[in-house]
Each structure stands twice: as structure tokens, then as C-alpha cells.
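**Student:**
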Amino acid sequence: MCGIVGYTGDESAAPIILEGLSKLEYRGYDSAGMAVFNDKIQKIEIVKEKGRLQGLIEKTNAGNAMMGCCGIGHTRWATHGIPSQKNAHPHFSDDKMVVAVHNGIIENFHELKEYLQNKGYEFYSETDTETVTKLIDYYYKKTEHNPLESLSKALIRVRGSYALGIMFSDRPGVIYAARKDSPLIVGKNDGGKFIASDVPAILSRTRNVYYIDNMEMVELSGEEIKFYNIDGEEITKEQVTINWDAQSAEKGGYEHFMMKEIHEQPKVVKDTLQAFLKDGQIDLKDVGLNEEMMKSLKKLYIIACGSAYHVGVTAKYVIEDLTDVMVEVDLASEFRYRDPKIPEDSLVVIISQSGETADSLAALRMVKEKEINTLGIVNVVGSSIAREADYTMYTIAGPEIAVATTKAYSAQLICIYLLAIYMGRVKGSLEEKVCQDMLQEMMTLPDKIEKILTDKDRIQWFANKFASAKDMFFIGRGLDYAICLEGSLKMKEISYVHSEAYAAGELKHGTISLIEDGTLVVGLMTQTSLGEKTLSNMVEVKSRGAYLMGVTEYGNYNIENTVNFVVYVPKTDAHFTSSLAIIPLQLLGYYISVARGVDVDKPRNLAKSVTVE
Ligand code: G6P
Numbered sequence: 001m002c003g004i005v006g007y008t009g010d011e012s013a014a015p016i017i018l019e020g021l022s023k024l025e026y027r028g029y030d031s032a033g034m035a036v037f038n039d040k041i042q043k044i045e046i047v048k049e050k051g052r053l054q055g056l057i058e059k060t061n062a063g064n065a066m067m068g069c070c071g072i073g074h075t076r077w078a079t080h081g082i083p084s085q086k087n088a089h090p091h092f093s094d095d096k097m098v099v100a101v102h103n104g105i106i107e108n109f110h111e112l113k114e115y116l117q118n119k120g121y122e123f124y125s126e127t128d129t130e131t132v133t134k135l136i137d138y139y140y141k142k143t144e145h146n147p148l149e150s151l152s153k154a155l156i157r158v159r160g161s162y163a164l165g166i167m168f169s170d171r172p173g174v175i176y177a178a179r180k181d182s183p184l185i186v187g188k189n190d191g192g193k194f195i196a197s198d199v200p201a202i203l204s205r206t207r208n209v210y211y212i213d214n215m216e217m218v219e220l221s222g223e224e225i226k227f228y229n230i231d232g233e234e235i236t237k238e239q240v241t242i243n244w245d246a247q248s249a250e251k252g253g254y255e256h257f258m259m260k261e262i263h264e265q266p267k268v269v270k271d272t273l274q275a276f277l278k279d280g281q282i283d284l285k286d287v288g289l290n291e292e293m294m295k296s297l298k299k300l301y302i303i304a305c306g307s308a309y310h311v312g313v314t315a316k317y318v319i320e321d322l323t324d325v326m327v328e329v330d331l332a333s334e335f336r337y338r339d340p341k342i343p344e345d346s347l348v349v350i351i352s353q354s355g356e357t358a359d360s361l362a363a364l365r366m367v368k369e370k371e372i373n374t375l376g377i378v379n380v381v382g383s384s385i386a387r388e389a390d391y392t393m394y395t396i397a398g399p400e401i402a403v404a405t406t407k408a409y410s411a412q413l414i415c416i417y418l419l420a421i422y423m424g425r426v427k428g429s430l431e432e433k434v435c436q437d438m439l440q441e442m443m444t445l446p447d448k449i450e451k452i453l454t455d456k457d458r459i460q461w462f463a464n465k466f467a468s469a470k471d472m473f474f475i476g477r478g479l480d481y482a483i484c485l486e487g488s489l490k491m492k493e494i495s496y497v498h499s500e501a502y503a504a505g506e507l508k509h510g511t512i513s514l515i516e517d518g519t520l521v522v523g524l525m526t527q528t529s530l531g532e533k534t535l536s537n538m539v540e541v542k543s544r545g546a547y548l549m550g551v552t553e554y555g556n557y558n559i560e561n562t563v564n565f566v567v568y569v570p571k572t573d574a575h576f577t578s579s580l581a582i583i584p585l586q587l588l589g590y591y592i593s594v595a596r597g598v599d600v601d602k603p604r605n606l607a608k609s610v611t612v613e
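Residue numbers (this note's numbering): 1 to 613.
Set out below in C-alpha cells:
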């Protein structure tokens, strides 16, 4: 995780770096630091602070206290060593000849550290980054100050992942960067050049970016950007234009990004749907998927982490119901370490908002080695998964800033429905008329989501009543169970309330013993045939003291005879209910988080882009 930003150009670097870092805090926020080359004293000055970026902003007077037009900065999510000023980046060699910021994990840092200690290096922090910084320093001195050669020599010895921003004190105005398995982009505008972990960091300044690939290096100076492979040979790279507008990475009047992003869901659903429709038909030509391949498809694997995995669980129910294709859903962190026997006529779908999640990326690479077709459902354009998958379906969610995903999850669901309907039609399990009706129904989802959002005050009222809850349970069957998984994750990650999702039928096998007087149990009942069974399970927990909240479709009013508080969502095709029923659960998590005074957008210990395994 961690976010890095660098700038070299005509303007003062520190304020630009701070602005960029503020857009990357979702990647980590336990400490921050900056290094700027001060032309007057011809030295690199470093300032670091423990805690949120605000501390560094105050310490540097919003960057104005750091003079110079070339610098690098970092916001940290601790992996090696506790969050502290000492462990914060940038790290530096003993004489401050080499200064670096890093995102990733150097797996063999113990070994490298020992090697350097034997050469006389001393270490002041517990980080792996200090080791790689000193390794570069070692080679910089050995190669008589050749930056590219020293980087190349050092990085070839490194095992693990890195996006590095590096400055050498005898090379004013120049930033070097390198990447392996952690994201890194380079941007440029008329006045300067940038490096960053992600697009929002530089979006207000440029839309012209280059994506750095694994084992590549970059040299940015006031005049030019040069790209090299790890052997130091110059290479060319294509410039990409980012379409996201800078405003979508701002809060736009909402108190938190999460609330803004919840409200963006009708638009995101509509945009994602429209991106794959042509003349009223699903068109996946741009994705590259063709009907021939789909016809022979026997098995689908869906691999993802976190909320994207929950989309996968929904996908299993939807796709198996609409097609004759078997679907397996796996957590990427599990899948990558077992030896799955994937038959030839399979497609492996990797779902990821960031396109950089370490486990999902590793799973993708493992599958590619087996020469099985892969499809990425990804939000971030040009991210690793998007580039490495054989086919890519982009969710049109725009930048998502809140750590807890909402709109990207909703956009991923749309891709899954489209894929299911497309497969059903191509493979003959769905008649044309049925497909058309389903697409028509999908087009009504944005308005239906909007309608649920108009009722948010009622959910806020209810959330305030349960703000001090200790435990919560979310129960449902079938697709309702998939919604529970996501609703429960939203609750625990942003409100710190212990929460579990259970297939309603499983409650009796142990969990029911946890029900006490007043425990909140949220029952999802959008599936006509299964809703009644879930309701029976709710009666069972009610008689053991539980307080019941239900989520069901308009019309099921008799539920009020049993359930204490009911939220109704508009009726839709049973396959699409996740898109509607998740909205009240996102709102519930949000409002409980606010009521408990948690930092909704940046909950403790988490990061949005999990680039370490
Ligand atoms: C983190 C985020 C989640 C996300 C998961 C997978 O845990 O907080 O919101 O679902 O990573 O991320 P991805 O970018 O692969 O969708």
C-alpha cells in the first residue's frame, strides 16, 4: 500500500506533493514525509511526521517552508516497523546522498541488510525501504555515481515488490523511479513532470500519463522524461490520456467521500450499463470476448478480494441460474496458493476496483501461466490487472476515494449481470425476448437506487439507535446471502462493530448461541422463494431476544408482523436485487460510523489498494 508522489519542474514542489498525497491517503495514512532539493543550500531537506498527512502539512506550513522545485513525498501504511517518525519515508543513506520513497515489500531485506551491515552501513529504522535506499547508495558509490546503473544493480538483487521514487543529492532537479508489482505512473504538463502511485494524485495538474511496467525505470528532469528497462536500455512508452475529470476526485459538498460515492451509484450503474450496450444489445466487442469462445465455455472461475469477492458470490448465483456454466468463486489469497485444476474450456474472471490488489494480480498471473483465458473486471484504467488480463471490462465508476467501496461494487455487479445475460444468449439458455426484458429491467435500476436514497433519513434515525451495538448479524439465503456478506463487511470496516454474515440456514449450527437480548439481526428477504425461510430463521432469533431489521421488496408488508424495522426496496428481477438491497446496508454502515465518530473515509488499519499480500 502507501502512496508516493514526486514533482520536478518550474513550481515549488512541496505544495504540489502535499496536494498529491492528500489524494492518496486512501492508500495509507499512518505517517507522511517529504524530501525537497533546496537549491540555495544545494542539499536535500527531509521532513516527516507521524499520523495523518495534516501533521506534515502543518509542520511544513502547507509546504511553504520547504524551498525547491524538485521533491518526493510519501503517505505510509506500515508494513515493517510501527508507524513512527523514524520509520516514515523518505528514507536516506547515511550521508543523505540517496533519498527514497517506496511502496511495496522487499522480501529479502534481512539478507540485504546483513550484507550492507558487513559493508559498514548502519540502520536507524525497522523498514525494508531504508535497506533498499542504502543498497542503491552502495552501488551509486561503487559505479562512480551512475544513477541508472546503481538502480539496476540494486533492483536486480531485490525480491518482492516496489514502486520507488529516488533522488540523488548530486543530481539536482532529477527524480528517478522504478517499479515492480506496485503501481506507478508518470505524468507531465507544460511546467513539470510527476510520479505518482495513482491518477487522482496528479489529476488536477495533468491528464497525460505513462504507465510504468514491471522492471522499468524512469528519469525525470526539468527537460525530459526518459524510460529504461532494468538493464538500463532506453525504451519508448505510449502516453495515455485520462478521461476522469478532476472534480470526481473531490467531495463535491458531501461530508465524506463515501456518502458522495453512495450517491453516485445511479450514474455509475447507468454509465457502466451504457458502455456495453449498442442498439439495445450487449456488445462486448471492445472487450474482445467473442461468441465462439463463449459457446465452448464450460466453467467460469471468479477470483477477487474483499467486496469484489462478494460480487463474485453474487455472480455464482446469477450466472449458474441463467446459463449452463458452472461457476467457482475463490478468494484470490486462497486460490493463488492452491493448485486449481482448471479445465481448458474455462474463463477466469478477476474482479478488482484498483486493478492492483496483490493477491488478485498474482492469481491472474498464475492462471495466465496455465494458458487459460482471463477476463479482468477493473475500474482503474491502465492498472496492472487491466493490462495483463487477456480481456478487460472496465467498470465506469470513476475514481473511488473512500476506503470502503460502494460505487465500484455496484458497477462490478452490472458487469456481472451483463456477462451472465450475454453468456445465456450466446449459449442458448436464454431466449432473445428474456434477454431484452432483463436489459430493460436493468435500465430501471438507476431510478430505483435513487428512490432508495431518498429514504436515507429513516436509516439514519435507525442507525443512531444502534450506534452503540457490539455485535450484528446479517442473514439471508441465496442471493440475499451474497448481499449479507457485503453489508456485514461495510458495517465492520467503517463502524468497528463486530458483524458477521450468515447463510440463514447455518445460524442454528452454532452462531445462534451468540444471540442475546437486543442483538441486531438484519435479515435480507428479496428472493421470493427463500424469503419466507429466512423469515422463519428471524422468528427463531427473535424469540431468543434479537432485535430484527428486515430488507425486502415493496409489497411484502406482512413482514412487519414479525420484524421490528423494515426497509423496502423497489421490485426488480430477482437476479438484480443485490444492486438495490445493498444501498440501505451501505447507508446503515455509514450512519453508524458517523454516529460513533469514526473516520468514515479512512477507517483504522485499512487501505484501499492492498498491494501487499
Ligand atoms: C480493500 C478495499 C476493499 C476492496 C478490496 C479489494 O480491502 O478496502 O474495498 O474490495 O481491497 O480491492 P480491489 O481493488 O481488488 O477491488
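Using N, Cα and C, we set each Cβ at its ideal position, and we do this for glycine too.
Computed from a predicted model, the values in this text were never measured in an experiment.
Taking C-alpha atoms, which residue in Thr75, Lys270, Gly192, Lys370 lies nearest to glycine 398?
**Tutor:** To locate residue 398, count along the sequence shown from 1; it is residue 398. Cα-wise, what sits closest to glycine 398 is Lys270.
**Student:** From Asp198, Asp455, Gln117, Gly252, pick the residue whose C-alpha is nearest to that of asparagine 355; which is it?
**Tutor:** Stepping through the sequence shown from its first residue, residue 355 is reached at position 355. A small correction: the amino acid at residue 355 is glycine; asparagine does not occupy that position in the sequence shown. Cα-wise, what sits closest to glycine 355 is Asp198.
**Student:** Suppose only complete runs of 3+ residues qualify. What are the beta strand (DSSP E) ranges in the segment 474–536, listed by chain order?
**Tutor:** You should have 498–503, 520–525.
**Student:** Rounded to a whole number of angstroms, what is the C-alpha to C-alpha distance between alanine 404 and asparagine 379?
**Tutor:** The residue labelled residue 404 in the question sits at position 404 within the sequence shown. The residue labelled residue 379 in the question sits at position 379 within the sequence shown. Computed Cα separation, rounded: 15 Å.
**Student:** Which stretch, first to last residue, makes up the beta strand (DSSP E) that contains histidine 102?
**Tutor:** One-based indexing of the sequence shown puts residue 102 at position 102. Run containing histidine 102: 98–103, per the beta strand (DSSP E) assignment.
**Student:** Can you give, in chain order, each stretch of the alpha helix (DSSP H) that sits fully within the segment 324–389 and has at least 4 residues?
**Tutor:** 332–335, 358–369, 384–388
**Student:** From which residue to which residue does the alpha helix (DSSP H) around alanine 411 run?
**Tutor:** Along the sequence shown, read from residue 1 onward, the residue named residue 411 stands at position 411. Here the alpha helix (DSSP H) through alanine 411 covers 407–426.
**Student:** Do the segment 120–140 and the segment 78–89 touch if we need at least three Cβ pairs shorter than 8 Å?
**Tutor:** Taking a cut-off of 8 Å for Cβ pairs, the segment 120–140 and the segment 78–89 touch, as three or more such pairs fall below it.
**Student:** For cysteine 305, which three-state DSSP category applies?
**Tutor:** Here residue 305 corresponds to residue number 305 of the sequence shown, with the count starting at 1. Coil, per DSSP.
**Student:** Mapping the DSSP letters down to three states, classify histidine 256 as helix, strand or coil.
**Tutor:** Here the question's residue 256 lines up with position 256 in the sequence shown. Of the three classes helix, strand and coil, the one that applies to histidine 256 here is coil, per DSSP.
**Student:** By how many angstroms is the C-alpha of glutamate 107 removed from the C-alpha of alanine 546?
**Tutor:** Along the sequence shown, one-based indexing puts residue 546 at 546. Along the sequence shown, one-based indexing puts residue 107 at 107. The straight-line gap from Cα to Cα measures roughly 47 Å.
**Student:** For the beta strand (DSSP E) that histidine 74 lies in, which residues bound it at each end?
**Tutor:** As a first step, residue 74 is located in the sequence shown; it is residue number 74 there, counting from the start. Start and end: 70–76.
**Student:** DSSP three-state label for methionine 393, please.
**Tutor:** Your numbering for residue 393 matches position 393 in the sequence shown. If DSSP states are grouped into helix, strand and coil, methionine 393 belongs with the strands.
**Student:** Kindly indicate which residue of Lys188, Lys153, Leu489 has the alpha-carbon position closest to the one of valine 311.
**Tutor:** Position 311 of the sequence shown holds residue 311. That would be Leu489, whose Cα lies nearest to the Cα of valine 311.
**Student:** Rank Val98, Asn564, Gly253, Tyr211 by C-alpha distance to the C-alpha of isoleucine 235 and give the top, closest one.
**Tutor:** Along the sequence shown, read from residue 1 onward, the residue named residue 235 stands at position 235. Cα-wise, what sits closest to isoleucine 235 is Tyr211.
**Student:** Report buried or exposed for serine 529, applying the criterion of at least 16 other Cβ atoms within 10 angstroms of its Cβ.
**Tutor:** As a working mapping, residue 529 is identified with position 529 in the sequence shown. It is exposed - the Cβ of serine 529 has fewer than 16 other Cβ atoms within 10 Å.
**Student:** Excluding the five sequence neighbours on either side, which residues of its own chain have a C-beta within less than 6 Å of the C-beta of valine 327, listed in chain order?
**Tutor:** Within the sequence shown, the letter at position 327 stands for residue 327. Closer than 6 Å at the Cβ level, and outside the excluded window around valine 327, lie Leu300, Lys316, Ile319, Glu320.
**Student:** Would you mind sorting asparagine 605 into buried or exposed? The rule is 16 or more other CB atoms within 10 Å of its CB.
**Tutor:** In the sequence shown, counting from the first residue as 1, residue 605 sits at position 605. When all chains shown are included, asparagine 605 counts as exposed.
**Student:** Can you tell me where the beta strand (DSSP E) holding alanine 546 begins and where it ends?
**Tutor:** Taking the first residue of the sequence shown as 1, we reach residue 546 at position 546. Per DSSP, alanine 546 belongs to no beta strand (DSSP E) and is neither H nor E.
**Student:** Can you check whether the CB of serine 22 is closer than 8 Å to the CB of glutamine 85?
**Tutor:** Translated into positions along the sequence shown, residue 85 becomes position 85. Translated into positions along the sequence shown, residue 22 becomes position 22. Cβ distance not < 8 Å, so glutamine 85 and serine 22 don't count as in contact.
**Student:** Measuring alpha carbon to alpha carbon, tell me which of Ile41, Thr75, Ile44 ends up nearest glycine 55.
**Tutor:** Within the sequence shown, residue 55 is the residue found at index 55, counting from 1. It is Thr75.
**Student:** To the nearest whole angstrom, what separates the beta carbons of isoleucine 421 and leucine 430, a pair I think is in contact under 8 Å?
**Tutor:** Here residue 421 refers to the residue found at position 421 of the sequence shown. Here residue 430 refers to the residue found at position 430 of the sequence shown. That belief holds up - the Cβ atoms of isoleucine 421 and leucine 430 are roughly 7 Å apart, short of 8 Å.
**Student:** On a CA-only basis, which of Pro584, Lys298, Ser536 is nearest threonine 406? Give me that one, please.
**Tutor:** The residue labelled residue 406 in the question sits at position 406 within the sequence shown. Nearest option by C-alpha distance: Pro584.
**Student:** Could you spell out where the alpha helix (DSSP H) holding leucine 164 opens and where it closes?
**Tutor:** Indexing the sequence shown from 1 puts residue 164 at position 164. Careful: leucine 164 lies outside any alpha helix (DSSP H), inside the beta strand (DSSP E) at 162–168.
**Student:** Using a 10 Å radius around the Cβ and a threshold of 16 neighbouring Cβ atoms, would you call arginine 338 buried or exposed?
**Tutor:** Within the sequence shown, residue 338 is the residue found at index 338, counting from 1. Exposed, by the Cβ-count rule.
**Student:** Do lysine 407 and ligand 1 come close, with the Cβ less than 7 Å from some heavy atom?
**Tutor:** For this step, residue 407 is matched to residue 407 along the sequence shown. Not so, every heavy atom of ligand 1 lies at least 7 Å from the Cβ.
**Student:** Find the nearest neighbour of isoleucine 282 within the set Thr241, Asp599, Met442, judged by alpha-carbon distance.
**Tutor:** Your numbering for residue 282 matches position 282 in the sequence shown. Comparing Cα-Cα distances from isoleucine 282 to each of Thr241, Asp599, Met442, the minimum goes to Met442.
**Student:** Smallest Cα separation from methionine 538: which of Gln527, Ile302, Leu520?
**Tutor:** In the sequence shown, residue 538 corresponds to position 538, counting from 1. Per the Cα distances, Leu520.
**Student:** When the Cα atoms are used, what is the spatial distance from lysine 141 to tyrosine 115?
**Tutor:** Taking the sequence shown and counting its residues from 1, the one referred to as residue 141 is at position 141. Taking the sequence shown and counting its residues from 1, the one referred to as residue 115 is at position 115. Taking the straight line joining both Cα atoms gives about 16 Å.
**Student:** Rank Lys251, Ser169, Pro446, Asp170 by C-alpha distance to the C-alpha of isoleucine 401 and give the top, closest one.
**Tutor:** Residue 401 sits at position 401 when you count from the first residue of the sequence shown. It is Lys251 whose Cα lies nearest to the Cα of isoleucine 401.
**Student:** Mind checking glutamine 586: buried by the 16 CB within 10 Å criterion, or exposed?
**Tutor:** By 1-based counting over the sequence shown, the position of residue 586 is 586. Glutamine 586 is buried by the Cβ-count criterion.
**Student:** Could you check whether leucine 135 and asparagine 154 sit closer than 8 Å to each other, using their CB atoms as the reference points?
**Tutor:** Sequence index remark: in the sequence shown, residue 154 carries index 154 (1-based). Sequence index remark: in the sequence shown, residue 135 carries index 135 (1-based). Looking at the sequence shown, residue 154 is not asparagine but alanine. Against a cut-off of 8 Å, the Cβ pair of leucine 135 and alanine 154 comes out as a contact.
**Student:** For glycine 428, count neighbouring C-beta atoms within 10 Å of its own C-beta (all shown protein chains included) and say buried if the count is 16 or more, exposed if not.
**Tutor:** Within the sequence shown, numbered from 1, the residue matching residue 428 stands at position 428. The residue in question, glycine 428, is exposed, as its Cβ has fewer than 16 Cβ neighbours within 10 Å.
**Student:** Run the CB neighbour count on arginine 425, radius 10 Å, all protein chains shown included, and call it buried at 16 or more, exposed below.
**Tutor:** Looking up residue 425 in the sequence shown gives position 425. Per the 10 Å Cβ criterion, buried.
**Student:** Relative to the C-alpha of alanine 386, which candidate in Ile46, Ile17, Val287 has its C-alpha closest?
**Tutor:** Here residue 386 refers to the residue found at position 386 of the sequence shown. When only C-alpha atoms are compared, the closest one is Val287.
**Student:** Within 10 angstroms of the Cβ of threonine 241, are there 16 or more other Cβ atoms? Answer buried if so, exposed if not.
**Tutor:** Position 241 of the sequence shown, counted from the start, is the residue given in the question as residue 241. Flag for threonine 241 reads exposed.
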